[in-house]
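There are 2 protein chains.
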Amino acid sequence: MAPERPLPPMLERMWGRERAPRRGPRPRLDLATITAAAIEIADAEGLAGVSMGGVASRVGVAATALYRYVGSKEDLLTSMADAVALDPPEPGGMPWRDYAALWTRAQRDLVLAHPWVLEVTKYAPPLGPRRLLWLDRLLAALAGTGLDDGEKINVASTLTGYALTDAALAHAAGMGFEEHAGAGLEGAADYGELLAEVLDPERYPALSAAVHGGVFRGAEGWADDADFRFGLDLMLDGVEQLIARRTSKGRFGG
Amino acid sequence: MAPERPLPPMLERMWGRERAPRRGPRPRLDLATITAAAIEIADAEGLAGVSMGGVASRVGVAATALYRYVGSKEDLLTSMADAVALDPPEPGGMPWRDYAALWTRAQRDLVLAHPWVLEVTKYAPPLGPRRLLWLDRLLAALAGTGLDDGEKINVASTLTGYALTDAALAHAAGMGFEEHAGAGLEGAADYGELLAEVLDPERYPALSAAVHGGVFRGAEGWADDADFRFGLDLMLDGVEQLIARRTSKGRFGG
DNA sequence: GGCCTACTGTGTATGGCGTTCATAGTTTTA
DNA sequence: TAAAACTATGAACGCCATACACAGTAGGCC
Numbered sequence: 241m242a243p244e245r246p247l248p249p250m251l252e253r254m255w256g257r258e259r260a261p262r263r264g265p266r267p268r269l270d271l272a273t274i275t276a277a278a279i280e281i282a283d284a285e286g287l288a289g290v291s292m293g294g295v296a297s298r299v300g301v302a303a304t305a306l307y308r309y310v311g312s313k314e315d316l317l318t319s320m321a322d323a324v325a326l327d328p329p330e331p332g333g334m335p336w337r338d339y340a341a342l343w344t345r346a347q348r349d350l351v352l353a354h355p356w357v358l359e360v361t362k363y364a365p366p367l368g369p370r371r372l373l374w375l376d377r378l379l380a381a382l383a384g385t386g387l388d389d390g391e392k393i394n395v396a397s398t399l400t401g402y403a404l405t406d407a408a409l410a411h412a413a414g415m416g417f418e419e420h421a422g423a424g425l426e427g428a429a430d431y432g433e434l435l436a437e438v439l440d441p442e443r444y445p446a447l448s449a450a451v452h453g454g455v456f457r458g459a460e461g462w463a464d465d466a467d468f469r470f471g472l473d474l475m476l477d478g479v480e481q482l483i484a485r486r487t488s489k490g491r492f493g494g
Numbered sequence: 241m242a243p244e245r246p247l248p249p250m251l252e253r254m255w256g257r258e259r260a261p262r263r264g265p266r267p268r269l270d271l272a273t274i275t276a277a278a279i280e281i282a283d284a285e286g287l288a289g290v291s292m293g294g295v296a297s298r299v300g301v302a303a304t305a306l307y308r309y310v311g312s313k314e315d316l317l318t319s320m321a322d323a324v325a326l327d328p329p330e331p332g333g334m335p336w337r338d339y340a341a342l343w344t345r346a347q348r349d350l351v352l353a354h355p356w357v358l359e360v361t362k363y364a365p366p367l368g369p370r371r372l373l374w375l376d377r378l379l380a381a382l383a384g385t386g387l388d389d390g391e392k393i394n395v396a397s398t399l400t401g402y403a404l405t406d407a408a409l410a411h412a413a414g415m416g417f418e419e420h421a422g423a424g425l426e427g428a429a430d431y432g433e434l435l436a437e438v439l440d441p442e443r444y445p446a447l448s449a450a451v452h453g454g455v456f457r458g459a460e461g462w463a464d465d466a467d468f469r470f471g472l473d474l475m476l477d478g479v480e481q482l483i484a485r486r487t488s489k490g491r492f493g494g
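So this is what it looks like as structure tokens:
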């Protein structure tokens with residue numbers, strides 16, 4: 241609880257701990273403004289469209305002025321990744337499983353709304369105020385389950401990871417494999433055709449069988465909502481089983 | 241089964257479908273050589289160290305010569321991501337659950353051995369020969385379970401996603417939050433201290449409680465093997481439950 | 001055998017990027 | 001009013017991916 245230990249500068253700024261007394265001219269900007277501008281660009285043009293110059297001109301300063309606030313572009317991206325995370329859903333006394341499902345889905349939707357997050361996120365432990373708020377809420381919702389704190393955190397990591405990877409898949413599907421658009425690859429069906437074209441049944445027996453059996457012919461395509469729920473239920477079933485084990489066995493040690 | 245439909249050029253190359261007859265001078269290189277060189281650099285210096293010029297000089301040509309083989313740097317990265325995936329473990333008639341665990345762990349280890357994969361992977365459906373071989377093997381291992389092909393693929397996606405995100409977490413932990421190394425952030429314990437420093441217990445009640453309860457004080461730290469197994473078992477428990485449901489209920493329709 | 005032609009590697013050039021640094025300007029403190 | 005602390009600027013640097021025109025090479029064809 242030692243108060244005010246020095247943090248990495250970007251964290252200080254993200255948590256709004258700026259040293260108060262200033263002598264020179266008032267800063268014209270702040271981190272939030274810059275971050276918001278960068279996010280607007282990323283939403284509109286993708287992450288590739290985000291350059292220091294572009295962000296700067298959008299907030300009306302020269303490119304190099306940003307370095308009074310961010311230290312590096314990396315820092316800016318970090319700040320963006322935290323800032324997109326609006327407040328997590330509130331658990332209104334709902335059962336843990338319902339909230340966990342809601343929470344995971346909300347994360348997925350968040351990523352889908354800002355796909356560039358996928359290119360930014362390092363999947364590292366959260367350090368920003370908003371992402372930590374999400375974590376807090378899930379821990380709270382798991383309070384009555386009998387899991388210990390470490391387990392709760394592990395559950396949170398696992399669910400977050402799932403939200404991310406599923407969103408990535410759904411995004412790739414939604415884009416219609418845009419990278420390979422030249423060959424007219426536009427959905428699961430095309431993916432299936434492509435695999436059929438390319439796979440040697442001797443070397444890929446199980447996969448070829450599945451492809452020719454028509455796994456990828458479903459019109460809904462890929463990574464649709466049903467697929468999301470499938471994986472989610474898989475994991476929540478696992479959590480439920482763990483909880484059942486904990487409560488039936490009682491607790492030994494700690 | 242229409243044979244030899246044209247594919248995106250990079251895929252043609254990755255699958256070794258080059259048009260045979262050539263007229264000019266023998267190419268001095270091939271995609272595999274270039275990819276291998278790029279991987280060596282990435283392993284040694286990280287992905288940031290991989291530049292077209294660097295790769296080119298390592299294989300002994302001018303920078304622009306690479307464009308006879310790759311079309312763009314993006315293409316090269318794609319090729320790298322597939323090429324690091326060595327052959328998947330062979331299921332020697334082992335139970336599906338054992339193989340799935342082995343398979344997932346192998347993927348995780350693979351990423352940890354080449355952390356730059358995390359920056360490259362788009363988490364998009366696999367198109368390269370090696371990654372598809374991994375998929376094939378898991379499908380094969382799930383053959384006797386009664387799951388349908390779509391479910392098997394979903395399980396594979398979920399497990400792959402878990403391997404990736406867990407590896408990312410483990411990598412971040414192993415690096416000791418190197419990005420913030422300035423503040424001496426070197427492990428779970430430091431992470432806990434940092435959170436304690438920064439969190440307002442009113443706004444983050446559950447998380448603060450966990451932190452002060454010492455969740456992050458374990459010396460093993462973060463994302464160790466136990467944590468990996470925890471999440472893995474969660475998911476495999478879920479799969480097992482699904483399989484049990486399938487086999488007990490019998491199958492209706494298709 | 002000799003020419004054509006398709007193909008490969010090179011050199012040069014371009015435009016964009018993140019970032020550094022010295023400088024000029026502005027506001028508070030003394 | 002003078003000094004000090006801080007802010008924004010503009011020019012410059014080095015790096016990078018990539019486009020393009022060119023030169024060299026080797027098989028196909030007469």
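Heads up: the sequence lines are chains A and B, in that order.
Going letter by letter, the first sequence gives residues 241 to 494 in our numbering.
Going letter by letter, the second sequence gives residues 241 to 494 in our numbering.
Don't be surprised by glycine CBs; every beta carbon is placed ideally from N, CA and C.
Exposure of residue i, with buried meaning 16 or more beta-carbon neighbours within 10 Å
i                       : result
glycine 478 (chain B)   : buried
tyrosine 309 (chain A)  : buried
proline 265 (chain B)   : exposed
aspartate 338 (chain B) : exposed
proline 335 (chain B)   : exposed
glycine 422 (chain B)   : Because glycine 422 (chain B) sits at a pLDDT of 47, beneath the cut-off of 50, its placement in the model cannot be relied upon, and the following sentence gives the value as read from the coordinates. Glycine 422 (chain B) is exposed by the Cβ-count criterion.
glycine 454 (chain A)   : exposed
leucine 284 (chain B)   : Per the sequence shown, residue 284 (chain B) should be read as alanine rather than leucine. Alanine 284 (chain B) is exposed by the Cβ-count criterion.
leucine 476 (chain B)   : buried
Pick from the options that is closest to residue i, judged by C-alpha positions
i                        : options                                   : result
glycine 386 (chain B)    : B:Glu252, B:Arg485, B:Val301 and B:Ala450 : B:Arg485
glycine 333 (chain A)    : A:Tyr307, A:Ala380 and A:Ser397           : A:Ala380
lysine 313 (chain B)     : B:Arg370, B:Leu409, B:Leu382 and B:Ala296 : B:Ala296
alanine 383 (chain A)    : B:Asp473, B:Ala450 and B:Asp389           : B:Ala450
alanine 255 (chain B)    : B:Leu373, B:Asp465 and B:His452           : Residue identity differs from the one stated: residue 255 (chain B) is tryptophan in this sequence, not alanine. With distances taken between Cα atoms, tryptophan 255 (chain B) lies closest to B:Leu373.
glycine 293 (chain B)    : B:Leu306, B:Asp283, B:Glu285 and B:Ala282 : B:Leu306
leucine 247 (chain B)    : A:Leu434, A:Pro441 and A:Ile483           : A:Leu434
proline 515 (chain A)    : B:His452, B:Ala466, B:Asp440 and B:Ile274 : Coverage of chain A is limited to positions 241 through 494, which leaves residue 515 (chain A) absent and any answer about it impossible.
aspartate 315 (chain B)  : B:Ala346, B:Trp336, B:Pro329 and B:Arg253 : B:Arg253
leucine 447 (chain A)    : B:Ala288, B:Ala282, B:Asp389 and B:Ala353 : B:Asp389
alanine 364 (chain A)    : A:Pro329, A:Trp356 and A:Ala321           : A:Ala321
methionine 250 (chain A) : A:Arg262, A:Ala272 and A:Gly414           : A:Ala272
leucine 409 (chain B)    : B:His452, B:Pro445, B:Asp464 and B:Arg371 : B:Asp464
serine 319 (chain B)     : B:Arg371, B:Trp462 and B:Glu258           : B:Arg371
proline 355 (chain A)    : A:Arg443, A:Ala407 and A:Thr304           : A:Ala407
Beta carbon proximity, residue i to chain A, threshold 8 Å
i                        : result
glutamine 481 (chain B)  : yes
alanine 383 (chain B)    : yes
tyrosine 339 (chain B)   : no
tyrosine 309 (chain B)   : no
methionine 241 (chain B) : Residue placement at methionine 241 (chain B) cannot be trusted, given a pLDDT of 43 that sits under 50; what the coordinates show is reported in the next sentence. Cβ-Cβ to chain A under 8 Å: yes for methionine 241 (chain B).
lysine 313 (chain B)     : no
leucine 439 (chain B)    : yes
glycine 286 (chain B)    : no
tryptophan 255 (chain B) : yes
glycine 300 (chain B)    : no
glycine 390 (chain B)    : yes
aspartate 349 (chain B)  : no
tyrosine 326 (chain B)   : Before going further, note that residue 326 (chain B) is leucine rather than tyrosine in the sequence given. Answer no: the Cβ-Cβ gap between leucine 326 (chain B) and chain A never drops below 8 Å.
aspartate 464 (chain B)  : no
glycine 471 (chain B)    : yes
threonine 398 (chain B)  : yes
glycine 401 (chain B)    : yes
8 Å Cβ cutoff, residue i in contact with chain B
i                        : result
proline 496 (chain A)    : The structure shown does not extend to residue 496 (chain A), since chain A is modelled only from 241 to 494, so the question has no answer here.
glycine 293 (chain A)    : no
methionine 475 (chain A) : yes
leucine 387 (chain A)    : no
valine 455 (chain A)     : yes
threonine 487 (chain A)  : no
glycine 422 (chain A)    : Its pLDDT being 46, under 50, glycine 422 (chain A) is placed unreliably in this model, and the value from its coordinates should be taken loosely. Yes, contact with chain B.
proline 445 (chain A)    : yes
isoleucine 393 (chain A) : yes
leucine 375 (chain A)    : yes
threonine 405 (chain A)  : yes
8 Å contact criterion, which residue i and residue j should meet: CB distance rounded
i                        : j                       : result
valine 301 (chain B)     : alanine 277 (chain B)   : The pair is not a contact, with the Cβ atoms about 10 Å apart (cut-off 8 Å).
alanine 340 (chain B)    : leucine 375 (chain B)   : No, alanine 340 (chain B) and leucine 375 (chain B) are not in contact; Cβ-Cβ is about 13 Å, not under 8 Å.
isoleucine 279 (chain A) : valine 351 (chain A)    : No, isoleucine 279 (chain A) and valine 351 (chain A) are not in contact; Cβ-Cβ is about 13 Å, not under 8 Å.
glutamine 347 (chain B)  : threonine 400 (chain B) : 6 Å
_For the stretch 427-438 of chain A against the stretch 350-361 of chain B, do three or more pairs of beta-carbon atoms, one drawn from each stretch, fall closer than 8 Å, so that the two count as touching?_
no
*asked:* Check whether the stretch 459-476 of chain B and the stretch 390-404 of chain A touch, using three or more Cβ-Cβ pairs below 8 Å as the test.
replied: yes
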